[in-house]
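Here the numbering used here is used: the first residue of the sequence shown is 1, the next is one more, and so on.
A short write-up of the structure that comes next.
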Amino acid sequence: MRLVKIGLASLNTTVGAVHSNADKVVASAVDAASQAVTVLAFPEQSLGGYSPEDLVQWRRFVTAQWEALESIAERTRTLDVVLAIGLVVALGSDVYNAAACVHRGRIVGVVPKEKLPGYNVFYEARTLTPGKPGLRATLASGVPFGDLVFQFDFGTVALEICEDVWTPDGPLRRRAYAGAELAL
């Protein structure tokens, strides 16, 4: 793995304001590229805002995030920054809290959160489906979805979401064994 410059985006997102949240993601990506950042990590559910609670049951809220992600990919196609962007995605009738890997105009893949909290306002297990070890699928758009790592010229990257990093039986160890050198 070569030397990489990691950026962490701190966005003031608004729950439900998908388009303005996406504009903030693009602005941060442009700024990061101007500073020669190699990879830029965004917060959990950056596009829909956190915590959306029951909004994830509205299909239009979910599809709006995917459309915003496609727009972000297009709007950042000239930037040489790997983006890790939090959003909610659907696979069939299941809805997942996930992170998308975007690079040079392409949605490289999407990784679902495995360890969903079940307490207070963070009760994701009530409305979302957890990812599973070894899950491999393809979204309707043809984008890979599941327990993935991503290879770039600088090294191999794993995307982790919140509690997935905190738990000893989370996916981080498994993805490191699969070759991940950098976890975002």
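Ideal Cβ positions, reconstructed from N, Cα and C, are used throughout, including at glycine.
Please read all numbers here as calculations on a predicted model, not as lab measurements.
DSSP places residue 150 within a strand segment (E or B) once states are collapsed to three. Per DSSP, the unbroken beta strand (DSSP E) holding residue 85 starts and ends at 82–91. Counting C-beta pairs closer than 8 Å gives three or more between the segment 146–153 and the segment 106–114, which meets the contact rule. Beta-carbon to beta-carbon, residue 76 and residue 39 are separated by about 13 Å, too far to satisfy the 8 Å threshold. Under the three-state reduction of DSSP, residue 79 is assigned to coil, being neither helix nor strand. Of all C-beta pairs linking the segment 8–22 to the segment 60–79, three or more are shorter than 8 Å, placing the two stretches in contact.
Leaving aside the five residues that flank residue 36 on each side, the residues in its chain whose CB is nearer than 7 Å to its CB run, in chain order, 5.
Linking residue 91 to residue 99 through their CA atoms gives a straight-line distance of about 14 Å.
Check the Cα spacing between residue 178 and each of 123, 156, 160 and 86: the tightest is with 156.
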